[in-house]
Amino acid sequence: MSDTNNQAHPLLRATGLTRRFGGLTAVDAVSIDLHVGQVHAVIGTNGAGKSTLINMLSGEIPPSGGSIAFEGVDISRWSQPRRARAGVGRSYQRTTIFHSFDVLENCRLAAQAAMQRPWAVWQAASACSGSLARARDAMEVAGLANTAHTLAGSLSHGQQRQLEIAMCLATGPRALLLDEPLAGMGAEESERMLRMLERLKHTHAVLLVEHDMDAVFRVADHITVMVNGQVIASAAPEAIRNNPDVQLAYLGEAPVS
Amino acid sequence: MNIPLAAAGLHQPLPPSKTRLLPLVILLAACLLPMLLSEYALDLVVKIIIYAIFALSLELLVGTTGLISLGHAAFFGIAAYVTALLVPGSGPGAILLMLPAAMLGAGCYALFVGALSLRTQGVYFIMVTLAFAQMAFFIFHDTGIGGGSDGIYLSSRPAFSLAGIALVDLELPRHFFFFALGSLAAAYLLLAAIQRSRFGRALAGIRTNEQRMRAAGYRTYGYKLAAFVIAGMLAGLAGFLMAARTGVVNPELLSWHESGAVLLMIILGGLGSLRGAVLGAAAFILLKEFYSSEAIFAGFAQHWQLSLGLTMILFVAFLPHGLIGLSRQRIWNRKQSPAAQGGAHV
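Listed below in structure tokens is the structure:
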């Protein structure tokens, strides 16, 4: 259970976030708090605005309205790279790894973002011990320590999804915005990923967009349900499970068990 | 050293160490050329060297960063014009002044073009770079700045003198050859250093997936602009040498034919490889020389563009990784087959 102090100071807080595409309001006045120690899941049907929400939080697209605060600072107008360096990390639904690089280099390059020094052309990137150390840590956490020199493109789908997370971790984020990290994963791989999420939440604030309801109800500490860009419910998992609006609008019927 | 092979940023892993010294060996061998070649052949080698620098500069954009520019000749030509315009009325101009000025002129235009064109992507980027190059072309073609469509002749070639002694006099073919060779070595070295540096790795990341680089925290626009300006300045180095070599500049240096030719060179050589760029420049110039030789093709020599074009098509069809892909494949195969163990490596 989160204590009240924690509730009062979310790591990331979005207030009244809105995004319009022409006449369509993809995200409509959504407010959401992310706390360290919590997995905050956002669920909803396709087109509910979940990915648009993540894209606004990470800075990929500017919001049409509302504000985003990170560690109490308004970051609404910050570019995506700036937010990333400040500690807002994200993973993509569609794997965005560098296929022609090996696993270590994928993670190292992500870690290098925190120590770019682009003018130091006389120094080899492979000698950048800071980024190498961070990369190896991230690979360890994501369970990829043994695949350092495997080309990312030749990893299995599940491992590529792990690499996607590892690259996000390598940037040293405090908030993790994970867009369907379990997409296309087998049962065993999903299990591994969920265990990793449970470990990560102790040190990170996690936003999880996910379609796998069993996984969501297992790891989430708080669930926000979106329908047509609006939040129809936001509460602890048990309350969500028993919420008649959610059952009607999203789950379709009362869930078993 | 545990440098991952793939970290070299190449599509095909290159067996390390055995071929790492190859460029140095070629450089040393090239130093012997003035003793072996006729003046005509030496001039041809100088031409290859100049285009190799030009091709290397474009390789930084296309092969390393993934930015396909169809207006790269603008920087080449502007530097050539700056060189020509700075030739003093009497006596040779100073290399120490003219070369930096030429590269700076090219760099400034690259900063301007890059700042605007890098806001676009893909085919729009190609079109915008082409448009800016055409703009520069017509400025020199239609105004009196650089003598209009006829261009300007250089009354003397630049030199580098110290205490009244001309240490480098580009009027002398041998001096010119070594100066050009040194320039190529310097450009190659700089780009090789960039490729293995953090800057170069970030550029390779941008080529592969720019969105991911932004998500990791890179301001990719700044990176691309820096690469664009460096590429423009190196093209300027080639432009300076070109003006000094031919002793004449004209708007053709900025034409889109020239931009297209240098793009063909790096494709011919193999994208993603500095060696490929040098090899491609050499192959392109030699093929052009071959097909336009009346001694071999008689009357058909005037249709060299047709022969060259058909050859290009064949190359692209049968060597998708360029000439460098061919050599790499051979070395690689030999290395992997146990029967060839202990055999000589190139």
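Chains R and W are the protein sequences, given in the same order. Read left to right, the first sequence gives residues 1376 to 1632 (the working numbering). Read left to right, the second sequence gives residues 765 to 1110 (the working numbering). Cβ coordinates follow ideal geometry from the N, Cα and C atoms, glycine included.
Figure out for me which residue from R:V1411, R:M1560, R:R1394 has the closest Cα to the Cα of L1552 of chain R.
Cα-wise, what sits closest to L1552 of chain R is R:V1411.
Any beta carbon from chain W within less than 8 Å of R1593 of chain R's own beta carbon?
At a cut-off of 8 Å between C-beta atoms, R1593 of chain R does not count as an interface residue with respect to chain W.
| message | Contact criterion: CB-CB distance below 8 Å. Does A1513 of chain R meet it with respect to chain W? | response | Not closer than 8 Å to any Cβ of chain W, the Cβ of A1513 of chain R fails to qualify, so no.
Worksheet item: So H1532 of chain R is in the beta strand (DSSP E); what residue range does that whole segment cover?
Response: Not the beta strand (DSSP E): H1532 of chain R falls in the alpha helix (DSSP H), residues 1532-1545.
- Which residues in chain W sit within 8 Å of I1503 of chain R, going by Cβ to Cβ distance? Sequence check: residue 1503 of chain R is Cys here, not Ile. Ordered by position in chain W, the residues that pass the 8 Å Cβ test against C1503 of chain R are R962.
Mark R938 of chain W as exposed unless 16 or more other C-beta atoms lie within 10 angstroms of its C-beta, in which case mark it buried.
By the beta-carbon neighbour count (other beta carbons within 10 angstroms, threshold 16), R938 of chain W is exposed.
Contact criterion: CB-CB distance below 8 Å. Does F1473 of chain R meet it with respect to chain W? Between F1473 of chain R and chain W, the shortest Cβ-Cβ separation is below 8 Å.
- prompt: So is G911 of chain W in contact with chain R if we call contact Cβ pairs under 8 Å?
  reply: Closer than 8 Å: no.
So, is E1585 of chain R buried or exposed, given that buried needs 16 or more other C-beta atoms within 10 angstroms? The C-beta of E1585 of chain R has 16 or more other C-beta atoms within 10 Å across all chains shown, which makes the residue buried.
Where DSSP assigns a beta bridge to R1394 of chain R, which residues make up the other side?
The partner list for R1394 of chain R (beta bridge, DSSP) reads R:V1402.
| the stretch 806-820 of chain W touching the stretch 993-1007 of chain W, judged by at least three CB pairs closer than 8 Å | Under the 8 Å Cβ criterion, the stretch 806-820 of chain W counts as touching the stretch 993-1007 of chain W, having at least three qualifying pairs.
Item to complete: For I958 of chain W, go through chain R and note every residue whose CB falls closer than 7 Å to its CB, in chain order.
Response: Those are V1496, listed as they occur along chain R.
### Query
DSSP three-state call for Y952 of chain W: helix, strand or coil?
Residue state for Y952 of chain W is assigned as helix, using DSSP reduced to three classes.
- Query: What separation, rounded to the nearest whole angstrom, lies between the Cα atoms of R960 of chain W and A1495 of chain R?
  - Reply: Their Cα atoms are separated by approximately 11 Å.
| query | Mind checking T1578 of chain R: buried by the 16 CB within 10 Å criterion, or exposed? | reply | Around the CB of T1578 of chain R, fewer than 16 other CB atoms lie within 10 Å, so the residue is classed as exposed.
Note to self: Let me make sure I understand the geometry here. Which of W:L834, W:L945, W:S919 has the alpha-carbon closest to that of L808 of chain W?
What the structure shows: Looking at the Cα atoms, W:L945 is the closest of the given residues.
> What are the uninterrupted segments assigned as alpha helix (DSSP H) that are 4 or more residues long and contained completely in the stretch 809-868 of chain W, given in chain order?
Replying inline: Correct list: 837-849.
* Hey, would you say G1434 of chain R sits closer than 8 Å to G1391 of chain R, going by beta carbons? -> Contact flag unset, no.
| query | Hey, does Y982 of chain W have any beta-carbon neighbour from chain R nearer than 8 Å? | reply | Residue contact check for Y982 of chain W against chain R: a CB pair falls below 8 Å.
Worksheet item: So, do the stretch 1041-1061 of chain W and the stretch 917-933 of chain W have three or more beta carbon pairs nearer to each other than 8 Å?
Response: Touching, no.
Does any C-beta atom of chain R lie closer than 8 Å to the C-beta of R784 of chain W?
-> No, because no Cβ of chain R sits closer than 8 Å to the Cβ of R784 of chain W.
Check: What are the boundary residues of the alpha helix (DSSP H) that L1551 of chain R is part of?
Finding: Going by DSSP, L1551 of chain R is part of no alpha helix (DSSP H) but of the beta strand (DSSP E) stretching over 1550-1554.
Residue of R:L1538, R:S1506, R:N1481, R:A1488 minimising C-alpha distance to G1640 of chain R: Outside the modelled stretch of chain R, which goes from 1376 to 1632, sits residue 1640 of chain R, for which no answer is possible.
* To do: Starting from I1060 of chain W, trace the alpha helix (DSSP H) both ways and give me its first and last residue.
  => Looking at the DSSP string, the run of the alpha helix (DSSP H) that includes I1060 of chain W is 1058-1061.
**Asked** Within 10 angstroms of its Cβ, does Y804 of chain W collect 16 or more other Cβ (buried), or is it exposed?
**Response** With fewer than 16 other Cβ atoms within 10 Å, it is exposed.
Item to complete: Below 7 Å between beta carbons is the criterion; list the residues of the stretch 1009-1023 of chain W that meet it against any residue of chain R, in chain order.
Response: Cβ contacts with chain R: none found.
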